[in-house]
Amino acid sequence: VTEVRLASRPVGRPTLDDFSIAEVEVPGPGPGEILVRNVEMSVDPYMRGRMSAAKSYIAPFEVGKVMDGGAVGVVLESTVDGFEPGDHVLHGFGWRSHAVLPAKKAHKVDPEAAPLGAYLGVLGMPGLTAYSGLFRVAEFKEGDTVFVSGAAGAVGSVVGQLAKLRGAKRVIGSAGSAEKVRHLLDDLGFDAAFNYKDGPVAEQLKAAAPEGIDVYFDNVGGEHLEAAIASANVHARFTICGMISVYNATEPPAAPRNLAQVIGKRLTIKGHLVGDHYDLQSQFLAEVAPLVKQGRLRYEETVVEGLENAPQAFIDLLDGGNTGKMLVRL
Ligand code: NDP
């Protein structure tokens, strides 16, 4: 059994030396447990936070210990009624080839209903993050102009498409390459998109949203957040979902510098954690799974083969190497 461990806490951008690969023995499942062979693993930006020692909403990884994360696997052995060998399960014991885990921490998924990777992306945690962050936290309503950063990623791509499907007036996305901008415009139906590396975000956003924005779904923070405040209409609502531009930072961000505008514009700026919104899970699946099946909500995956390549996949995710959901296939 192979597992990926945190070898050291990264300072700034992680390197391969911050990870190690180890072989370990795994016992058979005890009472209430199942043995799972992992098939697909989720690679997520929030893991960068867990690699640091800083106190957060989720405990840090321990140096020298296996990392974990979302995964889908197949049950090999079970001591629990309702879990049979061959069943597919979604669970949080990824970053290893096999896992023994309590059955009550596993959720059965149907490989016939959707490809396994979808349970880690569009129909999984990132999809629910988008759904709850847009509809509940930002209180999106028909006719809103929506700006989403990180728009070509797992969360952002769902935000933009859901806004369009629910009658947004205009949806604008930003991403980090010309190809991603093309993807947003041609494949995902965004009304406008720009490459934030091409010039100041504030200028590019103003050009893309001449009448201002009503909702900003923030995946990036920093200069993007400052630009969104500058382009916000009165009573605009912001969902602060992620700030990936600062996850590797060793110094405090220089932006936003224009927070005083929150007053005059009466902005609502709310932090968002998907963990607060699992009560929406069945509503989310009932609405989004058919849209995916009908091809009305599209999703991309960037799949890296092999557990030993998971550290590089994580580094690539932070560098923008993915379009849509970043997955490791074992
Ligand atoms: P993505 O699939 O969006 O992958 C991350 C992307 O971030 C990269 O592809 C890259 O795209 C972009 N990026 C990296 N560095 C920068 C930068 N300096 N400036 C702008 N963009 C950058 O990941 P997810 O969809 O899984 O997550 C998106 C965001 O949502 C993250 O911030 C994450 O932490 C957050 N999140 C929050 C949750 C919550 O409950 N609050 C739950 C899930 C995710 P590009 O090429 O465009 O630069």
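Residue numbers for the sequence shown, in the UniProt record's numbering: 28 to 357. Ideal Cβ placement from N, Cα and C applies to all residues, glycine included.
Kindly indicate which three-state DSSP category residue i falls into: helix, strand or coil?
| i | result |
| --- | --- |
| G109 | coil |
| H210 | helix |
| K224 | coil |
| L128 | strand |
| N336 | helix |
| G322 | coil |
| S35 | coil |
| K135 | strand |
| A229 | helix |
| R163 | helix |
| E169 | coil |
| A205 | helix |
| S47 | strand |
| G100 | strand |
| A281 | coil |
| L117 | strand |
| D303 | helix |
| L346 | Note on residue identity: the sequence assigns Asp, not Leu, to residue 346. Reduced to three states, the DSSP call for D346 is coil. |
| E52 | coil |
| F341 | helix |
| Y84 | coil |
| K191 | helix |
| V149 | coil |
| L312 | helix |
| P317 | helix |
| G291 | helix |
| A254 | helix |
| A141 | coil |
Does the ligand NDP have even one heavy atom less than 7 Å from the beta-carbon of residue i?
| i | result |
| --- | --- |
| P72 | yes |
| S204 | yes |
| T156 | yes |
| F181 | Here residue 181 turns out to be Ala, not Phe, going by the sequence shown. Yes. |
| K297 | no |
| I271 | yes |
| G347 | yes |
| L344 | yes |
| residue 20 | A question about residue 20 goes unanswered here, because the residues of the chain that appear run from 28 up to 357. |
| Y146 | no |
| L300 | yes |
| Y223 | yes |
| G177 | yes |
| V247 | yes |
| M152 | yes |
| K132 | no |
| K207 | yes |
Tell me residue i's beta-bridge partners as DSSP assigns them.
| i | result |
| --- | --- |
| M78 | None, per the DSSP bridge assignment. |
| N275 | Paired residue(s): none; N275 is not in a bridge. |
| M94 | Partner(s): none; M94 has no beta bridge. |
| V175 | G200 and F244 |
| V331 | V355 |
| R123 | E30 |
| K297 | T266 |
| A259 | I240 |
| V182 | BP columns for V182 are empty, so no partner. |
| V63 | V102 and A126 |
| S69 | L354 |
| A219 | I199 |
| said: Taking 8 Å as the cut-off, does the stretch 84-102 touch the stretch 121-136 (at least 3 CB pairs, one atom from each stretch)? | reply: yes
| query | Does the stretch 326-344 come close enough to the stretch 142-152 that 3 or more CB-CB pairs lie under 8 Å? | reply | yes
| message | If contact is defined by three or more beta carbon pairs under 8 Å, each pair taking one atom from either stretch, is the stretch 279-292 in contact with the stretch 211-219? | response | no
| query | Would you call the stretch 233-250 and the stretch 157-174 touching, i.e. three or more CB-CB distances under 8 Å? | reply | yes
| Three-pair Cβ contact test at 8 Å for the stretch 76-90 versus the stretch 105-118 | no
| Does the stretch 125-137 come within contact of the stretch 53-61, defined as at least 3 CB pairs closer than 8 Å? | Yes, the stretch 125-137 is in contact with the stretch 53-61.
| task | Could you say if the stretch 312-323 and the stretch 337-349 meet the contact criterion of at least three C-beta pairs nearer than 8 Å? | result | no
| the stretch 298-316 / the stretch 277-284 touching (three or more Cβ pairs under 8 Å) | no
| Any 3 or more C-beta pairs closer than 8 Å across the stretch 216-232 and the stretch 178-194 | yes
| query | Would you say the stretch 195-202 touches the stretch 263-273, given that touching needs at least three Cβ pairs under 8 Å? | reply | no
| query | When the Cβ atoms of the stretch 296-308 are set against those of the stretch 151-158, are three or more pairs found closer than 8 Å? | reply | Touching, yes.
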